[in-house]
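Structure representation (structure tokens):
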């Protein structure tokens, strides 16, 4: 465990806390993509199946349980208590393409053809594109309230910190070699590029995030 | 085996 990875994990946790805060504070899930949230739950469930077979550390196991639990809870809130506020008409991204993309790459790029490895690879590719429905929704509505933009920023930051962690591990851990993780992770971070730019600009002007349409 | 299969990251 290095500092970049720890900070990456923490910003991931913070992003989920921000999302829950947003839902509570505004008592609504306006501007949140249900599709992205459902994809994240699928990502966590398929990736963390190894909870039952491998033990890495207490920290690792607890975080996995935390991610599955919180993303289930968000989805539950969106589907029950705040269902009325879900902006279905703007959440129109076709996720079949994303799932298809992840399935194809999961079948082409696993390190070994075992169930767990293929599902793990699937989860990496799916995570790399799972934010797209959310970014697309943001683009079509043009504006989002502060907590939502902080949420997306924290998510992007988590991946950017992980990328730095990979460079660090590559340099200092001679046997560490995870090409699929790296490519999928860099793709994921790159998708936030545009968003980062507008986020920083809106912070500098002290205004709400507004994207060009 | 190699560290390929050690998925110690989240």
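Residue numbers (the working numbering), protein chains in the order written: chain A, 206 to 418; chain B, 5 to 14.
Note that beta-carbon positions come from the ideal geometry of N, C-alpha and C, so glycine has one too.
Only a predicted model underlies this, so the values are computations on that prediction, with no experimental measurement involved.
Of the listed residues 290(A), 253(A) and 301(A), nearest to residue 228(A) (C-alpha basis): With distances taken between Cα atoms, residue 228(A) lies closest to 290(A).
Stretch-stretch touch, CB-based, cutoff 8 Å, three pairs: the region 340 to 351 of chain A with the region 289 to 304 of chain A: Taking 8 Å as the limit for Cβ pairs, the verdict is that the region 289 to 304 of chain A does touch the region 340 to 351 of chain A.
CA-to-CA distance, residue 346(A) to residue 236(A), given in whole angstroms: About 8 Å.
Residue 322(A), DSSP secondary structure in three states: DSSP places residue 322(A) in the helix class (H, G or I) of the three-state scheme.
Segment limits, alpha helix (DSSP H) that includes residue 387(A): Following the DSSP letters along the chain, one finds residue 387(A) inside the alpha helix (DSSP H) bounded by residues 384 to 396.
Rounded straight-line distance, which links the Cα of residue 286(A) to that of residue 372(A): Approximately 43 Å, taken between the alpha carbons.
Unbroken alpha helix (DSSP H) run spanning residue 265(A), endpoints: For residue 265(A), the enclosing alpha helix (DSSP H) covers residues 263 to 284.
Where residue 210(A) meets chain B, residues with beta-carbon distance less than 8 Å: Here the neighbours are 13.
8 Å contact criterion, which residue 352(A) and residue 223(A) should meet: CB distance rounded: Correct: roughly 6 Å between the Cβ atoms.
Opposing strand residues paired with residue 415(A) [DSSP bridges]: Partner(s): 348(A).
Cβ pair count under 8 Å reaching 3, the region 356 to 371 of chain A against the region 319 to 330 of chain A: Taking 8 Å as the limit for Cβ pairs, the verdict is that the region 319 to 330 of chain A does not touch the region 356 to 371 of chain A.
Start and end residues, alpha helix (DSSP H) containing residue 300(A): Here the alpha helix (DSSP H) through residue 300(A) covers 300 to 313.
Whether residue 402(A) touches residue 416(A) by CB criterion (7 Å): The Cβ-Cβ distance between residue 402(A) and residue 416(A) does not fall below 7 Å.
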